[in-house]
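Residue numbers 1 to 199, in full-length UniProt numbering, belong to the letters of the sequence shown in order. Below: one structure, written as structure tokens.
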Amino acid sequence: MNPKLLNPITISEAVKNRGDVIFENPAGYDLNIVGIRSNDMTANTFNDFLSIFYKLRDRWIFFAFPATTDPGLFWRKNPMNVRGTAIIVPGQYRSAYSIGTHHDYPALQQTGELTVWRDADRDRVLDTGPDVYKETGHFGCNIHRASFHLLSSRVDKWSAGCQVIQDPTHFMFFMKLCEMAAASFGNSFTYTLLLEDEI
1 MNPKLLNPIT ISEAVKNRGD VIFENPAGYD LNIVGIRSND MTANTFNDFL SIFYKLRDRW
61 IFFAFPATTD PGLFWRKNPM NVRGTAIIVP GQYRSAYSIG THHDYPALQQ TGELTVWRDA
121 DRDRVLDTGP DVYKETGHFG CNIHRASFHL LSSRVDKWSA GCQVIQDPTH FMFFMKLCEM
181 AAASFGNSFT YTLLLEDEI
């Protein structure tokens, strides 16, 4: 995925083309949190992006961080759930997250419903699409970081379906923006997931 293609205009257009909402309050910190999933369905690397952006007066403030929107290889081969490992289905999930914890540190915690595919065949390929079992509910698919002090190169156990930011310093900055947003708009966050081909 070419990060140069990632900007608030192209992402906003892609979200609106799906019939979903972009928040454009010019007061600032009315956050849009949008993941972009790579076309590579076998990688065990942070080859996706998690973008966060907001309108401030008449301009966009935009950041995009290397991340994974897919479960790591370990959990693809060793699913926690008998139906298979969770893979979030692209779409917009209104008010699905709040500032909470992941394990013992602050993160965005799933507090609303998400829809996931269940990849149950225990291979390295992510199984998605209309023929894959799908369910909606609460699965603990949080938005968090990988290592707290290192730049992880592989996803492995870091994601069993969560959206995971690769760099801990990026994640700290991401959470600061979320805290600022919560102070102005309340502790509720919408998450949108796009595919690379939609950008």
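For each residue, glycine too, the CB sits at the ideal point set by N, CA and C.
Quick one: grab the DSSP three-state call for residue i.
| i | result |
| --- | --- |
| asparagine 39 | coil |
| isoleucine 52 | strand |
| leucine 193 | strand |
| valine 164 | strand |
| phenylalanine 65 | strand |
| glutamate 135 | strand |
| alanine 182 | helix |
| histidine 144 | strand |
With a threshold of 8 Å on Cβ separation, who are the neighbours of residue i within its own chain once the five nearest residues in sequence on each side are excluded?
| i | result |
| --- | --- |
| glutamate 179 | Ile99 |
| threonine 42 | Arg124, Val125, Leu126 |
Spatial neighbours of residue i within its chain, please: CB distance less than 7 Å, with the 5 preceding and 5 following residues excluded, ordered by chain position.
| i | result |
| --- | --- |
| threonine 128 | Ile87, Trp117 |
| leucine 151 | Gln166, Asp167 |
Would you mind working out which of the options sits nearest residue i, comparing C-alpha positions?
| i | options | result |
| --- | --- | --- |
| serine 153 | Asn78, Arg57, Pro8, Pro66 | Pro66 |
| arginine 145 | Arg124, Gln109, Gly137 | Gln109 |
| isoleucine 143 | Asp123, Tyr105, Val132 | Tyr105 |
| arginine 122 | Thr10, His103, Gly84 | Gly84 |
Take residue i and list the residues in its own chain whose beta-carbon comes closer than 6 Å to its own, dropping the five residues that flank it on each side.
| i | result |
| --- | --- |
| tyrosine 93 | Leu114, Tyr191 |
| arginine 37 | Asp48, Thr69, Leu195 |
| phenylalanine 62 | Pro8, Phe53 |
Item to check | 3 or more residues per run - each beta strand (DSSP E) lying fully within the stretch 71 to 127 | outcome: DSSP assignment within the stretch 71 to 127 yields the following whole beta strand (DSSP E) runs of 3 residues or more, N-terminal first: 85 to 88, 91 to 102, 105 to 110, 114 to 119.
Next on the checklist: Check whether the stretch 23 to 33 and the stretch 170 to 190 are in contact - that is, three or more C-beta pairs closer than 8 Å.
Outcome noted: At 8 Å Cβ cutoff, the stretches touch.
Checklist entry - Do the stretch 51 to 63 and the stretch 71 to 78 make contact, defined as three or more Cβ pairs closer than 8 Å? => result Contact fails: fewer than three Cβ-Cβ distances are below 8 Å.
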